[in-house]
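Participant: Okay, here's the structure, questions in a sec.
Below is the structure:
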């Protein structure tokens with residue numbers, strides 16, 4: 048009797064898996080057919096075919112979240128869509144179709160986001176995967192419809208044109224979808240009888256607002272990567288434990304972040320895109336990290352911004368070499384603080400003091416690099432190429448000076464002391480580790496600047512520069528990778544500082 052029951056159960060499970068696989072095959076074949084039909088018979092209606100294909104990608108991932116019980120199949124589904132996206136991108140490249148190229152990128156980003164949230168949530172919180180994909184799908188659909196038919200006050204934060212109507216539609220639909228899904232799943236999976244509680248309403252409003260800001264600032268389809276991923280993480284953080292103190296802390300952190308970015312925009316520390324990116328970054332760090340995580344990045348941001356203003360007044364000659372300086376945009380914010388945003392989320396899911404060490408070390412590296420540049424170019428000093436030690440013009444990438452190096456050490460020291468209060472290990476060791484990590488990151492930045500960072504030559508004045516435009520003319524690419532600009536080099540320097548502290552701690556332990 049018991050054996051028959053076990054056998055019947057296995058048969059049912061196999062049947063369910065078979066149905067899941069059949070459903071999976073049906074879903075992934077349908078967009079191929081649709082894509083082919085629209086390309087052959089409706090070449091004039093690329094927008095409609097793009098919307099349908101993108102919608103089918105979302106729907107296939109939502110259905111997979113509900114019905115497929117094997118993570119490998121979910122990953123395979125994502126890989127299929129990635130292959131399809133590469134095909135679309137390649138085809139659009141040869142046909143010079145911007146619309147199809149955008150479609151390919153969007154499908155690629157949707158697929159990658161599905162892989163990421165499966166890796167984190169498949170084993171214990173699969174409902175978060177389904178919720179994230181559904182919220183992203185419905186909100187992005189509404190924003191496209193309203194943005195197209197009700198273009199109320201178009202605006203630009205980065206490269207894509209957005210509209211107030213589209214953003215309001217995104218926010219409203221996200222609030223409604225989050226509230227409905229969270230109420231259902233929390234009651235169903237967490238065995239509670241709470242429906243539309245004040246806690247869930249606040250979660251829906253806060254998460255929807257953060258996702259809307261992501262949608263506003265992100266361009267070229269990147270919202271389809273970051274919106275589902277951050278939606279998944281925020282739902283996981285707020286709904287699994289339902290910690291009211293954590294939610295209120297995050298709300299307060301977001302409010303403080305908003306005040307700071309408005310003031311920073313007013314005094315021209317940040318551009319509009321930089322203010323938007325800083326709001327997102329600061330909301331996570333202030334809201335989830337408290338003073339422990341907030342003070343180091345505030346010390347870096349405020350002091351470095353003031354230092355940049357002072358240096359620009361004292362010596363603006365070196366501006367002709369820098370790709371960007373002074374007022375920070377979104378890429379500079381991401382390059383300097385993006386690592387911290389990722390680490391604070393990882394620390395919430397997998398609490399470890401190690402994440403804080405990496406965070407402070409990466410900040411020390413970008414601060415050391417920033418201060419080395421600002422202090423080293425404030426007054427006329429001899430500057431040398433870090434590889435050949437031959438004297439070069441002040442402000443040139445890969446150049447170092449004694450004053451700049453000392454300034455970099457001072458910047459790293461400021462970051463070390465800003466995080467000292469919350470460290471349990473020997474204070475002297477901590478300060479020493481962070482200063483060394485910062486200086487190493489700064490040196491790594493200079494090495495990249497001297498070797499593989501993009502360098503351009505002005506055809507008018509003949510000077511080498513990081514800028515693609517100089518003397519009102521397009522410059523010529525002379526050395527380094529064309530895509531490796533100063534922002535990417537700064538990001539790599541921050542990563543280098545974080546890696547160095549890991550190596551240092553590993554050797555000592």
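In this note's numbering, the protein residues as written are 48 to 556.
The C-beta atom is built at its ideal place from N, Cα and C for all residues, glycine as well.
Quick caveat: nothing in here was measured; it's all calculated off a predicted structure.
Can you name, in chain order, every residue of its own chain whose Cβ lies under 6 Å from the Cβ of residue 361, other than the five neighbours on each side?
Facilitator: Mapped onto the chain shown, residue 361 falls at position 314. Within the same chain, residue 361 has close Cβ partners 425.
Participant: Once you ignore the five residues that flank residue 528 on each side, which residues in its own chain have a CB closer than 7 Å to its CB?
Facilitator: Along the chain shown, read from residue 1 onward, the residue named residue 528 stands at position 481. Answer for residue 528: 499 and 501, listed in chain order.
Participant: Kindly indicate which three-state DSSP category residue 316 falls into: helix, strand or coil?
Facilitator: What you label residue 316 is simply residue 269 of the chain shown in a count that begins at 1. Residue state, collapsed to three classes: coil.
Participant: Excluding the 5 residues flanking residue 153 on each side, which residues of the same chain have their C-beta closer than 6 Å to its C-beta?
Facilitator: Numbered from 1 along the chain shown, position 106 holds the residue referred to as residue 153. Within the same chain, residue 153 has close Cβ partners 101, 268 and 271.
Participant: Look up residue 434 in the DSSP assignment and say whether it is helix, strand or coil.
Facilitator: The sequence position of residue 434 within the chain shown is 387, counting from 1. Residue 434 falls in the coil class under three-state DSSP.
Participant: Check the Cβ-Cβ distances between residue 124 and every residue of chain D, and say whether any is below 8 Å.
Facilitator: Absent here is chain D; the protein component of the structure consists of one chain.
Participant: Following a CB-centred definition, is residue 442 positioned closer than 7 Å to any heavy atom of the ligand SAH?
Facilitator: Inclusion of the ligand SAH in the displayed structure is not the case, the ligand content being empty and no account of it being possible.
Participant: Between which two residues does the alpha helix (DSSP H) holding residue 471 run?
Facilitator: The count along the chain shown starts at 1 and reaches residue 471 at position 424. Here residue 471 belongs to no alpha helix (DSSP H), and DSSP marks it neither H nor E.
Participant: What residue range does the beta strand (DSSP E) around residue 201 cover?
Facilitator: Taking the chain shown and counting its residues from 1, one reaches residue 201 at position 154. Where residue 201 is concerned, the enclosing beta strand (DSSP E) stretches over 201-203.
Participant: Can you tell me which of the three DSSP states residue 225 falls into?
Facilitator: In the chain shown, residue 225 corresponds to position 178, counting from 1. Reduced to three states, the DSSP call for residue 225 is helix.
Participant: If we ignore side chains and look at the alpha-carbon of each, how far apart do residue 409 and residue 523 end up?
Facilitator: The residue labelled residue 409 in the question sits at position 362 within the chain shown. The residue labelled residue 523 in the question sits at position 476 within the chain shown. For the pair residue 409 and residue 523, the Cα-to-Cα distance works out to about 33 Å.
Participant: Between residue 264 and residue 320, how many whole angstroms is the CB-CB distance? I'm expecting something under 8 Å.
Facilitator: Start at 1 with the first residue of the chain shown, and residue 264 comes out as number 217. Start at 1 with the first residue of the chain shown, and residue 320 comes out as number 273. Residue 264 to residue 320, Cβ: 6 Å. Contact.
Participant: Is there contact between the stretch 314-333 and the stretch 451-463, where contact requires at least three CB pairs shorter than 8 Å?
Facilitator: Taking 8 Å as the limit for Cβ pairs, the verdict is that the stretch 451-463 does not touch the stretch 314-333.
Participant: Taking residue 550 as the reference, which of 449, 405, 111 and 515 has the closest Cα?
Facilitator: Translated into positions along the chain shown, residue 550 becomes position 503. Closest by alpha carbon: 405.
Participant: For residue 374 versus residue 318, is the C-beta spacing smaller than 8 Å?
Facilitator: For the purposes of this step, residue 374 is taken as the residue at position 327 of the chain shown. For the purposes of this step, residue 318 is taken as the residue at position 271 of the chain shown. Taking 8 Å as the Cβ cut-off, residue 374 and residue 318 qualify as a contacting pair.
Participant: Could you pull out every residue in the same chain whose Cβ sits closer than 6 Å to the Cβ of residue 351, ignoring the five residues on either side in sequence?
Facilitator: Within the chain shown, numbered from 1, the residue matching residue 351 stands at position 304. Same-chain partners within the cutoff: 417.
Participant: Along the beta strand (DSSP E) that carries residue 503, what are the first and last residues, could you check?
Facilitator: Along the chain shown, one-based indexing puts residue 503 at 456. Here the beta strand (DSSP E) through residue 503 covers 502-504.
Participant: Determine the closest residue to residue 177 out of 428, 227, 309 and 210, with distance taken between C-alpha atoms.
Facilitator: Locating residue 177 in the chain shown gives position 130, where the first residue counts as 1. Minimum Cα distance to residue 177 is reached at 227.
Participant: Where residue 334 and residue 412 are concerned, what is the direct C-alpha to C-alpha distance, given to the nearest angstrom?
Facilitator: Locating residue 334 in the chain shown gives position 287, where the first residue counts as 1. Locating residue 412 in the chain shown gives position 365, where the first residue counts as 1. Between residue 334 and residue 412, the C-alpha separation is close to 24 Å.
Participant: Rounded to whole angstroms, how far is the Cβ of residue 541 from the Cβ of residue 488, which I believe are closer than 8 Å?
Facilitator: For the purposes of this step, residue 541 is taken as residue 494 along the chain shown, with counting starting at 1. For the purposes of this step, residue 488 is taken as residue 441 along the chain shown, with counting starting at 1. 6 Å between Cβ atoms; contact.
Participant: Is there contact between the stretch 250-265 and the stretch 196-215, where contact requires at least three CB pairs shorter than 8 Å?
Facilitator: yes
Participant: Quick check on residue 206: buried or exposed, where buried means 16 or more other Cβ atoms within 10 Å of its Cβ?
Facilitator: Counted from its first residue, the chain shown places residue 206 at position 159. Classification of residue 206: exposed, given that the 10 Å Cβ count is below 16.
Participant: Are the Cβ atoms of residue 276 and residue 160 separated by less than 8 Å?
Facilitator: Within the chain shown, residue 276 is the residue found at index 229, counting from 1. Within the chain shown, residue 160 is the residue found at index 113, counting from 1. A contact, by the Cβ cut-off of 8 Å.
Participant: Three or more C-beta pairs closer than 8 Å, one from the stretch 502-516 and one from the stretch 475-490: is that the case here?
Facilitator: no
Participant: Rounded to whole angstroms, what is the Cα-Cα separation between residue 247 and residue 450?
Facilitator: Residue numbering aside, residue 247 sits at position 200 when the chain shown is read from its first letter. Residue numbering aside, residue 450 sits at position 403 when the chain shown is read from its first letter. Inter-residue distance for residue 247 and residue 450 is about 54 Å (C-alpha atoms, whole angstroms).
Participant: Rounded to whole angstroms, what's the CA-CA distance from residue 382 to residue 112? Just pull it up for me.
Facilitator: For the purposes of this step, residue 382 is taken as residue 335 along the chain shown, with counting starting at 1. For the purposes of this step, residue 112 is taken as residue 65 along the chain shown, with counting starting at 1. Residue 382 and residue 112 have their C-alpha atoms roughly 33 Å apart.
Participant: DSSP state of residue 208, grouped into three classes?
Facilitator: Numbered from its first residue, the chain shown carries residue 208 at position 161. DSSP places residue 208 in strand when its eight states are reduced to three.
Participant: Whose C-alpha, out of 305, 299 and 230, is nearest the C-alpha of residue 287?
Facilitator: Numbered from its first residue, the chain shown carries residue 287 at position 240. Among 305, 299 and 230, the Cα nearest to that of residue 287 is on 230.
Participant: Grouping DSSP H, G and I as helix and E and B as strand, with all else coil, what is residue 268?
Facilitator: By one-based count along the chain shown, residue 268 stands at place 221. Coil, per DSSP.
Participant: Would you mind sorting residue 156 into buried or exposed? The rule is 16 or more other CB atoms within 10 Å of its CB.
Facilitator: Within the chain shown, numbered from 1, the residue matching residue 156 stands at position 109. When all chains shown are included, residue 156 counts as buried.
Participant: How long is the line joining the alpha carbons of residue 535 and residue 514, rounded to whole angstroms?
Facilitator: By one-based count along the chain shown, residue 535 stands at place 488. By one-based count along the chain shown, residue 514 stands at place 467. Rounded to the nearest angstrom, the two C-alpha atoms are 14 Å apart.
Participant: Cβ of residue 210 within 8 Å of Cβ of residue 199?
Facilitator: Your numbering for residue 210 matches position 163 in the chain shown. Your numbering for residue 199 matches position 152 in the chain shown. Against a cut-off of 8 Å, the Cβ pair of residue 199 and residue 210 comes out as a contact.
Participant: What number of angstroms, rounded off, separates the C-alpha of residue 533 from the C-alpha of residue 208?
Facilitator: For the purposes of this step, residue 533 is taken as the residue at position 486 of the chain shown. For the purposes of this step, residue 208 is taken as the residue at position 161 of the chain shown. Take the alpha-carbon of residue 533 and the one of residue 208: they are about 26 Å apart.
Participant: Here's the rule I'm using: 16 or more other beta-carbon atoms within 10 Å means buried, otherwise exposed. How should residue 545 be labelled?
Facilitator: Mapped onto the chain shown, residue 545 falls at position 498. When all chains shown are included, residue 545 counts as buried.
Participant: Taking residue 523 as part of the beta strand (DSSP E), name the residues at either end of that continuous run.
Facilitator: Numbered from its first residue, the chain shown carries residue 523 at position 476. Per DSSP, the unbroken beta strand (DSSP E) holding residue 523 starts and ends at 523-526.
Participant: Could you check the C-alpha separation between residue 294 and residue 336 for me, to the nearest Å?
Facilitator: What you label residue 294 is simply residue 247 of the chain shown in a count that begins at 1. What you label residue 336 is simply residue 289 of the chain shown in a count that begins at 1. Going by the C-alpha atoms only, they are around 12 Å apart.
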